[in-house]
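Chains G and L supply the protein sequences, listed in that same order. Take 1 as the starting number for the first sequence in my numbering and just add one per residue. Take 154 as the starting number for the second sequence in my numbering and just add one per residue. Where a beta carbon is used, it is the ideal one built from N, C-alpha and C, also for glycine. As the structure is a computational prediction, the values presented were derived from the model and not from experiment.
Protein chains: 2
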Amino acid sequence: MPLASERDASLREFAGYTMKRAFHVIQSDVNRVLEPLGLRMVSFSALVVIADNPGLRQSELAETLMIERPNLVLVLDTLERMGLITRNVAPEDRRALAIEPTAEGRRLCEAAKEEVRRHDRRMTQGLDECERADLIAALRRIESATAREENDG
Amino acid sequence: MPLASERDASLREFAGYTMKRAFHVIQSDVNRVLEPLGLRMVSFSALVVIADNPGLRQSELAETLMIERPNLVLVLDTLERMGLITRNVAPEDRRALAIEPTAEGRRLCEAAKEEVRRHDRRMTQGLDECERADLIAALRRIESATAREENDG
DNA sequence: TTTGAACTGTTACCATCTATAACCATTATT
DNA sequence: AATAATGGTTATAGATGGTAACAGTTCAAA
Numbered sequence: 001m002p003l004a005s006e007r008d009a010s011l012r013e014f015a016g017y018t019m020k021r022a023f024h025v026i027q028s029d030v031n032r033v034l035e036p037l038g039l040r041m042v043s044f045s046a047l048v049v050i051a052d053n054p055g056l057r058q059s060e061l062a063e064t065l066m067i068e069r070p071n072l073v074l075v076l077d078t079l080e081r082m083g084l085i086t087r088n089v090a091p092e093d094r095r096a097l098a099i100e101p102t103a104e105g106r107r108l109c110e111a112a113k114e115e116v117r118r119h120d121r122r123m124t125q126g127l128d129e130c131e132r133a134d135l136i137a138a139l140r141r142i143e144s145a146t147a148r149e150e151n152d153g
Numbered sequence: 154m155p156l157a158s159e160r161d162a163s164l165r166e167f168a169g170y171t172m173k174r175a176f177h178v179i180q181s182d183v184n185r186v187l188e189p190l191g192l193r194m195v196s197f198s199a200l201v202v203i204a205d206n207p208g209l210r211q212s213e214l215a216e217t218l219m220i221e222r223p224n225l226v227l228v229l230d231t232l233e234r235m236g237l238i239t240r241n242v243a244p245e246d247r248r249a250l251a252i253e254p255t256a257e258g259r260r261l262c263e264a265a266k267e268e269v270r271r272h273d274r275r276m277t278q279g280l281d282e283c284e285r286a287d288l289i290a291a292l293r294r295i296e297s298a299t300a301r302e303e304n305d306g
């Protein structure tokens, strides 16, 4: 009987399949790491962008994170309820809400970033610095190649 | 105002975040490609492994694809209803079901593989052959690094 | 200036995916 | 024979992702 690890040999030619598996373990691990802080992968990402871009509007945040506006609402509800952010009506456009991190939000953000940094190094421990940089660069090129194609269509 | 593409600069140091975004576009695209064939990413993966390993049991297939057994049931129900596979009680263990691809299943599998191959090349069009191989190798190392850690824990 | 289009956040809703517990039938263990 | 363990299944829950529709606001055109 072949090893379980070889039964999917045909699928290993696809970057997509291997990425799905790698991402699955990363996602599980990062959520495990963030759970004591009351964060998930998405809310963590949102919090980091908010801390880096105070005054950002929800639609801009959604665009930045590449998620749909409706799906962002509950994420921000959670962060707001945790006292990590505030939503304030933008004076120059009363439709929009400008998001601001609270002092507590900034503190938790830094702590979470440190945890996620450790997690990320652990996930890529089989790679040297150069390979790790190449991996991230390759992933970014996949993202932009697709964006290019979407613009053509 | 900073570009939307730069607002998440802090997150780009994390392989996990960049992989999430890259995988998101890959997943969307492959499902779009497979949709005319009546397949999803998971059912495609299952069909390929089944075609390569006739007689495989459901629990072995679940282990191979790294998905939980209950989640495999509906996937196989679909493939069976489409006439692509059969589930037969294993003579030597009447608890187990041995999965076999039908002729039609093998045909569709080959056609789908060809489509997915084109999709995968399109997704990695920004990479040369070497970079593409390095990417897949790096992703596999992430997977196995985590497995190693889980065994330690 | 007023009508209609476009945009912002929101709600409701649906489909997919993943994980867990519990169950029945069967096999293995003792 | 009694008990545990295994294989497939059902039910269920939570997270995720997407669309349609709506109220309030701003913008653009007539």
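By Cβ distance below 7 Å, which residues in the same chain neighbour residue i in space, the five residues on each side in sequence not counted?
| i | result |
| --- | --- |
| phenylalanine 44/G | Leu34, Ala112, Val116 |
| glutamate 257/L | Gly236, Leu237 |
| glutamate 100/G | Pro54, Gly55, Ile85, Thr86, Asn88 |
For residue i, tell me which candidate among the options has the shortest Cα-Cα distance.
| i | options | result |
| --- | --- | --- |
| proline 91/G | Leu74/G, Tyr17/G, Gly55/G, Ser28/G | Gly55/G |
| isoleucine 142/G | Phe176/L, Leu225/L, Leu190/L, Leu200/L | Phe176/L |
| arginine 248/L | Arg160/L, Gln180/L, Arg210/L, Val201/L | Arg210/L |
| leucine 164/L | Cys109/G, Cys130/G, Glu131/G | Cys109/G |
| glycine 38/G | Glu13/G, Asp8/G, Val75/G | Val75/G |
| aspartate 161/L | Glu6/G, Val42/G, Arg21/G, Cys130/G | Val42/G |
| methionine 66/G | Arg174/L, Glu159/L, Glu166/L | Arg174/L |
| threonine 78/G | Glu6/G, Glu68/G, Arg69/G, Arg40/G | Arg40/G |
Do residue j and residue i count as a contact pair if the criterion is CB distance below 8 Å?
| i | j | result |
| --- | --- | --- |
| threonine 171/L | alanine 15/G | no |
| histidine 119/G | aspartate 29/G | yes |
State the Cα-Cα distance for the pair residue i and residue j, rounded to the nearest angstrom.
| i | j | result |
| --- | --- | --- |
| aspartate 134/G | isoleucine 179/L | 19 Å |
| serine 59/G | leucine 84/G | 19 Å |
| valine 116/L | valine 73/G | Any question about residue 116/L goes unanswered here, given that chain L covers just 154 to 306. |
| leucine 47/G | valine 242/L | 52 Å |
| arginine 87/G | glutamate 80/G | 8 Å |
| glutamate 64/G | alanine 298/L | For the sequence presented, residue 64/G should be read as threonine rather than glutamate. Using only the alpha carbons, I get a separation of about 30 Å. |
| isoleucine 136/G | asparagine 31/G | 20 Å |
| alanine 138/G | leucine 214/L | 30 Å |
| arginine 121/G | leucine 127/G | 9 Å |
| glutamate 251/L | arginine 132/G | Going by the sequence as given, residue 251/L is alanine instead of glutamate. In a straight line, the C-alpha of alanine 251/L is about 41 Å away from that of arginine 132/G. |
| aspartate 246/L | proline 189/L | 37 Å |
| glutamate 6/G | arginine 106/G | 46 Å |
| glutamate 150/G | glutamate 68/G | Because glutamate 150/G carries a pLDDT of 47, less than 50, the predicted location of this residue cannot be relied on, and the following value inherits that uncertainty. For glutamate 150/G and glutamate 68/G, the distance between alpha carbons rounds to 17 Å. |
| glycine 306/L | arginine 293/L | Unreliable placement is indicated for glycine 306/L, whose pLDDT of 33 sits below 50; no coordinate value is reported for it. |
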